[in-house]
Amino acid sequence: MHEKPNKFRVALISGAVIGVVSAIPGLNLLNCCCCAGVWLGGMLAMYLYRQEFTEGMPPLESSDALLLGLMAGVVGAFVSTFLSVAILVVFGPVEAEFLRSLFEKGLERLAEEGTMPSDMVDQFRDQLEGAVRDSARVSSILGNLFIELIVYPIFAILGALLGYALFRPKTPLQPTPAQ
Amino acid sequence: MTKKAFVPIMLQHFSLMNTSKRIFLVFLTLVALWCAGILLAPLLKSAGLSASSILYSFYSSICHQIDGRSLHLAGHKLGVCARCASLYLGFFLALLIYPFLRTLQMKQVPGRLWLFIGVAPMIVDVLLNITGLHASTIATRTVSGLFFGALLPFYLVPPLLEAVAQVIDRLPSRGGLTYARKTEQV
């Protein structure tokens, strides 16, 4: 009996995809909808892993999806942080500037409509300035990595499980063992 | 019942449950905590507690949190935008009623078509907004998010319960073996 295919290579590829989607400014807006980019990365991991199965190998199991999602999420968090730092070093805080311009438009509209008092608008502007300045801080980068190490594996696992539900072979499954 | 007696009784009940029920209960608790954080952020902010900024900062990594696109509670926006909040809350509500609709031992998931039907309103809402044909509103974001969120547990719970049960079954403390070794032994 053959062993199952190695998960590490697939986790690296899908983790790299998660990292790229999460770090490239503009593309990372995909993650604004419930980490959709990370979900898709988890699903991709499951799809790629399924392609590696050949005859004679043990069947694909849902625990494979769980482990694969976990690995892809962790890799994704590190790749995303590494790429974000690289982009920050080469291009400066483009992402923070992009978000600031996006929020600025909203603030201007709210100020014009009179929905938000002008002092509150100024307060928000100060906060945005602070966010742009903080984006380059080491503590902020490490804080983001910490949060991503929690969030990305969760969503990548969910994506991989969804992928398993969609791509799994159509053979009947064993019932969950009762205690 | 005193507070002291409550915890041991709950733990005893928990240990008597079968694996599927236990895993489901843990998952339900985690999802409830996730959703509670979303609702707690504005409540803590209105109470003037700094813990709200930790929650907002945590959820900022998964959501844009734009005020105009968010639902509000106690005068402040929720931890995530309206679409995300409704998706998570829909997921949680569906998870609550899940055991009444399907048994936890059931491993089959609905067909792919239902997933596409579930996600379609959200995609249509986003595309109409991007193309400028129809501006998405808080109502359309909330309804489409709720719809998709409520559908997801039916695809995620069966493989999740099965996966965690498999992992538990293979723990070294339970004499865990890989599938290949088990089959060789048989």
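For the protein sequence lines, the chains are R and W, in the order given. Quick note: the first sequence uses this note's numbering, first residue 8, plus one each step. Quick note: the second sequence uses this note's numbering, first residue 982, plus one each step. Built from N, CA and C at the ideal position, the CB exists for glycine as well. The structure displayed is predicted, hence computed values, not measured ones.
In the three-state scheme derived from DSSP, where H, G and I count as helix and E and B as strand, L1059(W) is classed as coil. For Y171(R), a Cβ of chain W is located within less than 8 Å of the residue's own Cβ. The CB of C1044(W) comes closer than 9 Å to the CB of N38, C39, C40, C41 and C42 in chain R, given here in chain order.
Across the set F1135(W), G1029(W), I1004(W) and I1149(W), the C-alpha of F1135(W) shows the shortest separation from the C-alpha of L1094(W). Burial state of N38(R) is buried, judged by a 10 Å Cβ sphere holding 16 or more other Cβ atoms. Annotation: the continuous alpha helix (DSSP H) that includes T1000(W) extends over T1000 to S1027. For secondary structure counted as the alpha helix (DSSP H) over 4 or more consecutive residues, the segment 1050-1117 of chain W holds these complete runs in sequence order: 1063-1082 and 1093-1112. Shortest Cα-Cα distance from P32(R) to any of L109(R), G76(R) and E120(R) involves L109(R). Every unbroken stretch of the alpha helix (DSSP H) spanning 4 or more residues and falling wholly within the segment 50-116 of chain R is given here in chain order: 69-98. In the displayed model, P32(R) falls within coil according to three-state DSSP, outside both helix and strand. Taken through DSSP and simplified to helix, strand or coil, L173(R) comes out as helix. Straight through space, the alpha carbons of L1076(W) and L1082(W) are spaced by roughly 10 Å. Listed by position along chain R, the residues whose Cβ is nearer than 9 Å to that of P1080(W) form an empty set, because the closest Cβ is around 14 Å away. Taken through DSSP and simplified to helix, strand or coil, E155(R) comes out as helix.
Closer than 7 Å at the C-beta level to chain W, one finds these residues of the segment 90-117 of chain R: G113. When C-beta distances to chain R are compared with 7 Å, the residues of the segment 1016-1048 of chain W below that value are F1039, S1042, I1043, C1044, H1045 and I1047, in chain order. Linking I1047(W) to G1060(W) through their CA atoms gives a straight-line distance of about 10 Å. By the Cβ criterion, the segment 1097-1115 of chain W is not in contact with the segment 88-108 of chain R, since fewer than three pairs of Cβ atoms, one from each stretch, lie closer than 8 Å. Comparing alpha carbon positions, the residue from K1026(W), L1024(W), A986(W) and L1141(W) closest to L1085(W) is L1141(W).
M53(R) is positioned such that its CB atom lies no closer than 8 Å to that of Y159(R). Identification of chain R residues near L1068(W) by a Cβ-Cβ cut-off of 7 Å yields C41, ordered along the chain.
Shown here for A1017(W): not one same chain residue has a beta carbon closer than 7 Å to its own, the five before and five after excluded. Taken through DSSP and simplified to helix, strand or coil, C39(R) comes out as helix.
Interface residue (Cβ-Cβ distance to chain R less than 8 Å): A1120(W) is not classified as such. Secondary structure note for P1140(W): its alpha helix (DSSP H) is the uninterrupted segment P1134 to D1150.
Among the residues facing chain R, V1090(W) is included, as its CB has a counterpart in that chain under 8 Å away. By the Cβ-count criterion, I157(R) is exposed, with fewer than 16 other Cβ atoms from all chains shown falling within 10 Å of its own Cβ. For G1126(W), the closest C-alpha among the options L1030(W), S1041(W) and G1071(W) is that of G1071(W). Around A1063(W), the same chain offers R1050, S1051, L1052, I1119, R1122, T1123 and G1126 as residues with beta carbons nearer than 8 Å, after the five sequence neighbours per side are excluded. Assigned with DSSP and collapsed to three states, R144(R) falls in coil, not helix or strand. L67(R) is the residue among L67(R), V101(R), N151(R) and I148(R) whose C-alpha sits nearest the C-alpha of L173(R). Only residues of its own chain outside the window of five on either side were considered, and among them none has a CB closer than 7 Å to the CB of L1014(W). Short of 6 Å from the beta carbon of G63(R), and not among the five residues preceding or following it, lie these beta carbons of its own chain, in chain order: H9. For P12(R), the secondary structure class from DSSP, reduced to helix, strand or coil, is coil. Listed in chain order, the positions of the segment 1113-1137 of chain W with a beta carbon within less than 7 Å of a beta carbon of chain R are Y1136 and L1137.
A distance below 6 Å between beta-carbons, with the five flanking residues on each side excluded, links P1091(W) to the following residues of its chain, in chain order: F1135.
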